[in-house]
Structures are given as C-alpha cells and as structure tokens.
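A short write-up of the structure that comes next.
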Amino acid sequence: MALDRRLDVLAVCGVGMGTSLMLKMTAEDALNSLGVDARVENTDIGSARGMSPDVVIGQGMHTSELEDLAPVVITVSDFLDKEGLVEQLRERLSEKGWLA
C-alpha cells in the first residue's frame, strides 16, 4: 500500500549547509526517479532532532544519532551517487509499503 500523502524527507549534515544541500538535490532526483511525491528539506543534526520526518538521509556519523527519529534512516557515503540512493530508497520504502 503506497503512502497516501507527501513523504517528508530530511537531508542531514553537521551544519545544515553545504553537504546537506548537495544531498537534498541528490535525494530529490532519486525520489523523482522512483515517482515518489516528497518534500526534501536540508538541515543540521541539532534541528533535525526536533522534527518528525518519514525519512532521514545523511552520513553515518549523523544517522547513527538519529536512528529513532524516523521510520526510515538511510546512511550514504557519496552525496552525489543518485543511483545508489535510488536503490536504497527503493528497498527501504518498499519494506514500509510506501512505494507503489
């Protein structure tokens, strides 16, 4: 059963500027490739803790601190690897039943 609303996604880095902005753009492209209606926001780890997203995407040093923040937490090492992120999103969103 696909999600019946827009998916809220956070791209997280330490400061919430450069790295998370690059990751946000990659995530938007990856989600578009999957046909997922999503709002992707980039933020810093401190601000992320006060949010309630469906998906968190970031480096391992940050996602390890945010494991219980969202139903889906994805760790990436290459912020520009769209195909790698597409595969991770496809797998994790399918597990949740959020991918049509």
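The opening residue of the sequence shown carries number 0 in numbering that gives the first Met the number 0; numbering runs sequentially from there. In this text, a Cβ means the ideal position worked out from N, Cα and C, and glycines have one as well.
ask   = Where does S19 land, buried or exposed, given buried means 16+ other C-beta within 10 angstroms?
value = Stepping through the sequence shown from its first residue, residue 19 is reached at position 20. So S19 counts as buried.
message = Would I73 and H61 be called neighbours here (beta carbons separated by less than 8 Å)?
response = In the sequence shown, residue 73 corresponds to position 74, counting from 1. In the sequence shown, residue 61 corresponds to position 62, counting from 1. No, the pair does not count as a contact, with Cβ atoms beyond the cut-off.
task = Give me the Cα-Cα distance between L2 and M21, rounded to the nearest whole angstrom.
result = For the purposes of this step, residue 2 is taken as residue 3 along the sequence shown, with counting starting at 1. For the purposes of this step, residue 21 is taken as residue 22 along the sequence shown, with counting starting at 1. Going by the C-alpha atoms only, they are around 26 Å apart.
query = Would you report the Cα separation of G96 and V85, rounded to the nearest angstrom?
reply = The residue you call residue 96 lines up with position 97 of the sequence shown. The residue you call residue 85 lines up with position 86 of the sequence shown. Using only the alpha carbons, I get a separation of about 16 Å.
message = Contact defined as beta carbons within less than 8 Å: I believe R89 pairs with V71. What is the distance between those atoms, to the nearest angstrom?
response = The residue you call residue 89 lines up with position 90 of the sequence shown. The residue you call residue 71 lines up with position 72 of the sequence shown. Going by Cβ atoms, the distance from R89 to V71 rounds to 12 Å, so no, they are not a contact pair.
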